[in-house]
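Residue numbers (the UniProt record's numbering): 1 to 196.
Here's what the structure looks like:
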C-alpha cells in the first residue's frame, strides 16, 4: 500500500515572542494501484481533457467475468480498453479506475483525465468500476475495501472534493449498472446521494 501523508501545520507563539512551528505528518493509506504500464495499456488516441477536485464518484461494474488474480485482472483490463477504444471508438478506457477482486486498483484514465463513463458527469467525477458482474452478488471484501480506500486516497490527494457524493451509474443513465446487488451495497456507503 502507498502511504500518503497529509500535512498539518500548527504555529504557536510563545509569550516571549518566539515562534515554534510544529509539523504533524498523518499517514493516509492508499490501496495498491497498478499503473497503466504495469497492466499493459495502449496509449490513448487523443487527450480527453482534465478534471480536478471532483465532487462526484460514480460506481460501475464492467459487466464481464470477475478476476481474482493479477494476471486475470490485467488481461481483462486490456480487453476492456480494447472494447472501449475499438468498438465504442472512445479515446481510451472509459473509467478512471477499475477494481479487481484481488484487492488491487487498476489505473484507467487516472485522477486528472476526464473519463467517458457517465454522460453528464464525466467532467465532474471519478468513475470507479468493479471488474465483474454484480447483479446477484456484491464484490468481495478485498475489492470493496480497495474501492473505499481509493476514494479516501483521492480526497487526501485533493483529487476528490472532501464533500463528494457517491452515485451508481444507473442514477444518471438508463442502465442496470452497477448491478442490483452492488447498487444496494453502495447505497449504504457514507456520502451516497440518493437524488443526484
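The C-beta atom is built at its ideal place from N, Cα and C for all residues, glycine as well.
Less than 7 Å between C-beta atoms, sequence neighbours within five positions excluded: which residues of the same chain meet that for residue 180?
Here the set comprises 135.
To the nearest angstrom, report how far apart residue 148 and residue 91 are at their CA atoms.
About 27 Å.
Report the rounded CA-to-CA distance for residue 32 versus residue 195, giving the unit in angstroms.
Each residue's alpha carbon lies about 32 Å from the other.
Quick check on residue 84: buried or exposed, where buried means 16 or more other Cβ atoms within 10 Å of its Cβ?
Classification of residue 84: buried, given that the 10 Å Cβ count is 16 or more.
Suppose you measure from the CA of residue 183 to the CA of residue 168; what does that come to, to the nearest Å?
For residue 183 and residue 168, the distance between alpha carbons rounds to 6 Å.
Does the count of Cβ pairs from the stretch 153-166 and the stretch 56-63 closer than 8 Å reach three?
Touching, per the Cβ criterion.
Tell me the rounded alpha-carbon separation between residue 197 and residue 193.
The question about residue 197 has no answer, for the chain in this structure spans 1 to 196.
Taking three-plus beta-carbon pairs below 8 Å as touching, is the stretch 102-115 in contact with the stretch 130-145?
They touch, by the three-pair rule.
Between which two residues does the beta strand (DSSP E) containing residue 154 stretch?
From DSSP, residue 154 is part of no beta strand (DSSP E) but of the alpha helix (DSSP H) over 141-156.
Excluding the five sequence neighbours on either side, which residues of its own chain have a C-beta within less than 8 Å of the C-beta of residue 112, listed in chain order?
50, 51, 52, 159.
What is the rounded straight-line gap between the Cα of residue 153 and the Cα of residue 73?
Roughly 21 Å between the two C-alpha positions.
How about residue 128 and residue 64: are their beta carbons less than 8 Å apart?
No; because the gap between Cβ atoms is not below 8 Å, this pair is not in contact.
Sorted by chain position, which residues of the same chain lie with C-beta nearer than 8 Å to residue 189's C-beta, five sequence neighbours on each side aside?
Excluding positions up to five away in sequence, the list reads 148, 166.
Apart from the five residues just before and just after residue 161, which ones in its own chain have a Cβ nearer than 7 Å to its Cβ?
Closer than 7 Å at the Cβ level, and outside the excluded window around residue 161, lie 53, 54, 55.
Go through the UniProt domain "Peptidoglycan recognition protein family" (31-173) residue by residue and report every complete run of the alpha helix (DSSP H) that reaches 4 residues or more, in order.
Runs found: 36-39, 70-82, 141-156.
Between the C-alpha atoms of residue 109 and residue 115, what's the straight-line distance to the nearest angstrom?
Near 6 Å, if we compare the C-alpha coordinates of residue 115 and residue 109.
By DSSP, does residue 185 sit in helix, in strand, or in coil?
In this structure, residue 185 counts as helix in the three-state DSSP scheme.
Go ahead and pull the three-state DSSP assignment for residue 193.
Residue state, collapsed to three classes: coil.
Expressed to the nearest angstrom, what Euclidean distance is found between the alpha-carbon atoms of residue 77 and residue 43?
If you take the alpha carbons of residue 77 and residue 43, they lie about 13 Å apart.
So, is residue 96 buried or exposed, given that buried needs 16 or more other C-beta atoms within 10 angstroms?
Looking at its Cβ environment, which holds 16 or more other Cβ atoms inside 10 Å, residue 96 is buried.
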